[in-house]
Each structure stands twice: as structure tokens, then as C-alpha cells.
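This report concerns only the one structure given below.
Protein chains: 2
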Amino acid sequence: MGSMPSDWLSCPDIHWMQLALREAVAAMEIGEVPVGAVVVHGDRVVGRGHNQRELLKDPTAHAEILAITQAAASLGNWRLDDCRMYVTLEPCAMCAGAILQARIPQLIYGATDPKAGAVHSIFRLLSDARLNHRCEIRSGLMADACGEILSQFFEQLRLQRNNKRKE
Amino acid sequence: MGSMPSDWLSCPDIHWMQLALREAVAAMEIGEVPVGAVVVHGDRVVGRGHNQRELLKDPTAHAEILAITQAAASLGNWRLDDCRMYVTLEPCAMCAGAILQARIPQLIYGATDPKAGAVHSIFRLLSDARLNHRCEIRSGLMADACGEILSQFFEQLRLQRNNKRKE
């Protein structure tokens with residue numbers, strides 16, 4: 030991850046991923062695991078979200094679910110079949126399933142999630158021939174920045190826990 | 030499906046599945062694919078939901094997601110690790126993923142979904158040794174009734190479409 034053919038990258042892709050990363054920062058600022066997502070329709074963001082599981086006390090409040098719900102509300106249609114999603118971390122099973130449900134045809138993600146990723150790592154939910162919907166996937170866009178904010182978050186958490194133990 | 034050892038069935042299980050089925054009927058009445066779910070904590074329903082994808086124009090508005098969100102709000106905790114879910118149809122990947130996210134330890138479902146079921150049929154997301162969370166699953170409870178309402182719904186839909194074509 031993090032290295033890819035140079036023709037893979039286009040300026041708009043980086044722009045959208047930067048917006049997703051900004052969402053991840055917003056999650057970090059409220060003490061949530063920093064993952065962010067945007068749904069783009071043409072050249073317009075129609076949905077954005079950052080992980081708010083703790084704040085909303087809702088296990089479904091992942092960045093992708095919130096961004097998809099907002100995009101569908103914004104477009105007045107549950108079918109997001111002319112949208113694409115940018116997300117800082119490889120989606121989990123729930124979020125990959127939501128991408129299928131929303132018929133999103135393009136997913137671009139940053140860092141891989143070797144423990145729970147359901148696109149390439151643990152499951153490959155978006156490239157299964159038995160399902161009707163197929164999704165074009167690109168991974169590794171700004172993977173370093175997307176992964177770094179997660180490492181920082183978990184490092185801080187560890188330090189806080191260690192300090193508490195010492196008190 | 031539909032046949033199971035008689036000691037599998039307990040009256041409370043049937044009671045809770047009947048409530049899930051009532052939710053499915055509520056979906057049918059508003060023209061939605063009839064799937065219903067309840068989340069039970071001890072002997073109390075803390076979340077219920079029926080498919081409202083069309084009404085809410087939200088691809089994530091499946092019965093299970095709505096029931097989980099309501100249960101978490103009701104208990105003030107995203108962890109539903111002392112709850113169980115009753116749902117009329119085998120969950121899809123999104124909903125099976127949400128069950129994992131919510132740490133629900135027991136799932137009881139009615140009819141199988143050979144096309145999109147992600148518990149036994151297409152994927153086995155809830156019994157994967159690589160994931161931290163494991164879920165005890167029982168299937169086939171009131172499978173006939175749970176499947177019948179779906180068959181009725183799709184039969185009606187077919188008739189309506191055929192009638193429209195003739196007009």
C-alpha cells in the first residue's frame with residue numbers, strides 16, 4: 030500500500046480524499062476512531078461522514094453509513110449508482126454491505142484494515158461473482174496520511190491508559 | 030429449513046419471532062419488502078424495525094439496522110452484548126456486519142435468503158474465526174410464515190407489473 034502507478038492518481042481523487050481525511054480529523058477531535066468518508070456525485074459532495082459510534086452511542090454510526098444516508102437523503106434516492114465513495118480506511122463488513130445495498134459503483138479507499146477490512150483483507154464482499162452488484166475498487170490513495178492519523182489516535186489512547194494506570 | 034428438532038423451540042422464541050413477523054407485516058402494508066426484526070434484552074424488546082428503504086429513501090434502512098440503532102439508543106450503549114436479535118429473513122452482508130459491530134451474541138432468523146444471505150447462504154460472516162466476535166446462530170424458526178409473506182409480496186408485485194403491461 031502507499032505505492033501505486035503514477036497514472037493512478039488524479040488531482041480530483043486527491044481532493045476528495047483530502048475531504049474524507051478532514052472528516053477523519055473531525056472524528057479524532059471528538060475522541061472517535063478517526064475514519065472519514067465522502068460520497069461524490071459528479072463534481073459535488075452529496076454526503077460526508079465521520080465515525081461517531083461513541084458520540085451517538087450507535088454501533089452503525091460509521092463514517093460510510095453516515096455518508097451514504099446523507100447522500101441518499103440529498104439525492105432523494107436510495108440508489109447511489111452514479112456516485113463514488115472516498116473513505117480513509119478499508120470498509121468493514123457492515124460498510125462494504127452498505128456500499129452494495131446503495132449500488133455504489135466505485136470505491137476509493139486509503140489505508141488497509143488487516144483485522145476487519147471486508148474489501149480485500151478478511152472478506153472480499155465487493156468482488157463476489159454471486160452478487161448482482163459489482164464495484165470498481167482502488168486502494169492505497171493517500172494511504173500513509175490515512176493510516177497515520179489512526180496510528181496517532183491509538184498511540185494517544187495507549188498513553189492515556191498507561192498514565193491512568195500510574196496514577 | 031422449516032424443520033428442526035422440537036427441543037429447539039421455546040415459547041418465548043416464538044413470541045419474539047411473532048413480534049418480528051408483525052414488523053414484517055408493517056413493511057408489507059407500506060409497500061416495502063416485508064422483513065422485520067426485534068432486539069430483545071432480557072424479557073423486553075428494546076429495538077424493533079421493519080424495512081423502510083423506499084419510504085426513507087435510505088439504502089441502509091433495513092429492519093435489522095433500524096432495530097439495532099433503536100436498541101442502542103434505548104440502552105444508551107452501542108454494545109448490545111447482552112441482547113439477542115430475532116429477524117424474519119437471513120441478514121444480508123450489511124446487517125450481518127452490523128450485528129458484529131453491535132457485538133450481538135445471539136441471532137435467531139426465520140427464512141433463508143439464498144441470493145444475498147450473509148450468515149449461511151452466500152457468506153458466513155458471523156462464524157469466521159478471524160474476527161474477534163462470534164455469534165450463536167439459530168435458523169429456521171417460523172421459516173414458513175417468514176418466507177410466505179415474502180412470496181406473497183413478490184407475487185403481488187409481479188401481478189401489478191403484468192397488469193400495468195396489459196393496460
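Protein chains in written order, with my numbering: chain A, 30 to 196; chain B, 30 to 196.
We put the beta carbon where it would ideally sit given N, CA and C, even for glycine.
Going by the CB atoms, is the gap between residue j and residue i shorter than 7 Å?
{"i": "residue 125/A", "j": "residue 154/A", "result": "yes"}
{"i": "residue 28/A", "j": "residue 136/A", "result": "Shown here, chain A extends from 30 to 196; a query on residue 28/A therefore has no answer."}
{"i": "residue 96/B", "j": "residue 77/B", "result": "yes"}
{"i": "residue 61/B", "j": "residue 83/B", "result": "yes"}
{"i": "residue 123/B", "j": "residue 127/A", "result": "yes"}
{"i": "residue 131/B", "j": "residue 172/B", "result": "no"}
Apart from the five residues just before and just after residue i, which ones in its own chain have a Cβ nearer than 6 Å to its Cβ?
{"i": "residue 48/A", "result": "67"}
{"i": "residue 186/A", "result": "none"}
Going by CA-CA distance only, name the one from the options that's closest to residue i.
{"i": "residue 109/B", "options": "61/B, 79/B, 193/B, 74/B", "result": "74/B"}
{"i": "residue 72/A", "options": "42/A, 130/A, 127/A, 63/A", "result": "42/A"}
{"i": "residue 134/A", "options": "167/A, 180/A, 191/A", "result": "167/A"}
{"i": "residue 144/B", "options": "139/A, 59/A, 162/A", "result": "162/A"}
{"i": "residue 45/A", "options": "156/A, 138/A, 59/A, 196/A", "result": "138/A"}
{"i": "residue 106/A", "options": "104/B, 85/B, 93/B", "result": "85/B"}
{"i": "residue 158/B", "options": "50/B, 129/B, 94/B, 184/B", "result": "129/B"}
Could you pull out every residue in the same chain whose Cβ sits closer than 7 Å to the Cβ of residue i, ignoring the five residues on either side in sequence?
{"i": "residue 57/A", "result": "63, 178, 182"}
{"i": "residue 111/A", "result": "70"}
{"i": "residue 15/A", "result": "One cannot answer for residue 15/A here, as it falls past the ends of chain A, which runs 30 to 196."}
{"i": "residue 59/A", "result": "84"}
{"i": "residue 160/A", "result": "129"}
{"i": "residue 32/B", "result": "Bear in mind that the predicted position of residue 32/B carries a pLDDT of just 48, short of 50, making it too unreliable to give a figure here."}
In chain order, what residues of the same chain have a beta carbon less than 8 Å from the beta carbon of residue i, not counting five sequence neighbours either side?
{"i": "residue 55/B", "result": "65, 79"}
{"i": "residue 193/B", "result": "none"}
{"i": "residue 87/A", "result": "81"}
{"i": "residue 180/B", "result": "none"}
{"i": "residue 50/B", "result": "65, 117, 139, 171, 174, 175, 178"}
Does the distance between the C-beta of residue i and the nearest non-hydrogen atom of the ligand SAM fall short of 6 Å?
{"i": "residue 45/A", "result": "Although the ligand SAM was asked about, the structure shown includes no ligands whatsoever."}
So, is the C-beta of residue i closer than 7 Å to a C-beta in chain E?
{"i": "residue 140/A", "result": "You won't find chain E in this structure, because its protein chains are A and B."}
Exercise for the section: Please name the residues in the segment 112-138 of chain A whose beta-carbon is closer than 8 Å to at least one beta-carbon of chain B, in chain order. Expected result: Flagged, chain order: 121, 122, 123, 124, 125, 126, 127, 129, 130, 131, 132.
Practice task
Select from the segment 92-109 of chain B all residues with a C-beta closer than 9 Å to any C-beta belonging to chain A, and list them in chain order.
Solution key: Look at the segment 92-109 of chain B: the residues with a C-beta under 9 Å from a C-beta of chain A are 94, 97, 98, 101, 102, 104, 105, 106, 107, 108, 109.
Practice task
Count the C-beta pairs between the segment 53-71 of chain B and the segment 85-105 of chain B that are closer than 8 Å, then say yes if the count reaches three, no if not.
Solution key: Touching, yes.
Problem - the segment 113-122 of chain A contacting the segment 137-151 of chain A, beta-carbon criterion three pairs below 8 Å - result: Taking 8 Å as the limit for Cβ pairs, the verdict is that the segment 137-151 of chain A does touch the segment 113-122 of chain A.
Problem - Members of the segment 61-94 of chain B that neighbour chain A once the beta carbon cut-off is set at 9 Å - result: From the segment 61-94 of chain B, only 82, 83, 85, 86, 87, 88, 89, 90, 91, 94 have a Cβ closer than 9 Å to chain A.
Handout entry: Contacting positions in the segment 139-171 of chain B - beta carbon closer than 9 Å to chain A
Key = Among the residues of the segment 139-171 of chain B, those with a Cβ less than 9 Å away from any Cβ of chain A are 144, 145, 147, 151, 152, 154, 157, 159, 160, 161, in the order of the chain.
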